[in-house]
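Engineer: Structure below; questions to follow.
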Amino acid sequence: MMAGNYCHIFPTDKTPEVILEAEGTLVIKGRAMILNKTAPSEKLLDCIDRYLHNPARITTVTIALEYLNSFCTQILVTVLRRIDRVRDQGNMLIVKWYYDKEDDDILERGQHISETFNIPIEFIPIEDTSLFR
2 MMAGNYCHIF
12 PTDKTPEVIL
22 EAEGTLVIKG
32 RAMILNKTAP
42 SEKLLDCIDR
52 YLHNPARITT
62 VTIALEYLNS
72 FCTQILVTVL
82 RRIDRVRDQG
92 NMLIVKWYYD
102 KEDDDILERG
112 QHISETFNIP
122 IEFIPIEDTS
132 LFR
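In the numbering used here, the protein residues as written are 2 to 134.
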């Protein structure tokens, strides 16, 4: 659903919930386990492109995924690289990556993305995984 500068992609059992607000908040949470390009991922990129026409001074991305497969990691990289354009426009980007403190795989995927694509990410271990829902 897209209304004005608000984008909400509802979750499924294989795709995360995504909320992008004009005030500068992007939330991606849930499970990311699709195996091919989907309409929701294209819709999200379209929403980000619209957001980039008039971004907030500070954009905060919250990532809270309980599962992230390799294909979805590629999509997430595309999303982060796209939203990172706010920095090219002189704005600030804050990325917070919440992960189950016992899930080294998700942490390592995030660290790899941060290092490979030079996107600053704050990694936050959590015990209460209700944030993923």
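Ideal Cβ positions, reconstructed from N, Cα and C, are used throughout, including at glycine. Only a predicted model underlies this, so the values are computations on that prediction, with no experimental measurement involved.
At the level of alpha carbons, what is the spacing between E109 and L53?
Structural biologist: Rounded to whole angstroms, E109 to L53 spans 28 Å at the Cα level.
Engineer: Note down, in chain order, each residue of its chain lying with its Cβ closer than 6 Å to the Cβ of C98, except the 5 sequence neighbours on either side.
Structural biologist: The sequence given here has Trp at residue 98, not Cys. Correct list, in chain order: I64, G111, I122, F124.
Engineer: Note down the Cα distance separating G25 from V87, rounded to an integer number of angstroms.
Structural biologist: Their backbone Cα atoms lie some 10 Å apart in a straight line.
Engineer: Quick check: the Cα distance between Y7 and D106, rounded to an integer number of angstroms?
Structural biologist: When rounded, the distance between both Cα atoms is 31 Å.
Engineer: F72 by DSSP, collapsed to three states: which one?
Structural biologist: Helix at F72.
Engineer: Going straight from the alpha carbon of N119 to that of D85, what length do you get?
Structural biologist: N119 and D85: Cα-Cα distance of roughly 10 Å.
Engineer: Are I29 and T16 touching if we call contact CB-CB under 8 Å?
Structural biologist: For I29 and T16, no; Cβs fall outside 8 Å.
Engineer: On the CB-based measure, 16 or more other CB atoms within 10 Å of its CB, does T165 come out buried or exposed?
Structural biologist: Within the shown structure, residues of the chain are numbered from 2 to 134, placing residue 165 beyond reach of any answer.
Engineer: Could you check whether F133 and L66 sit closer than 8 Å to each other, using their CB atoms as the reference points?
Structural biologist: A contact, by the Cβ cut-off of 8 Å.
Engineer: Got a sec: is the Cβ-Cβ distance from N37 to anything in chain D below 8 Å?
Structural biologist: The displayed structure is made up of one protein chain only, and chain D is not part of it.
Engineer: Using the DSSP secondary-structure output, state which residues sit across from D101 in a beta bridge.
Structural biologist: In the DSSP output, where bridge partners are listed per residue, D101 has I127.
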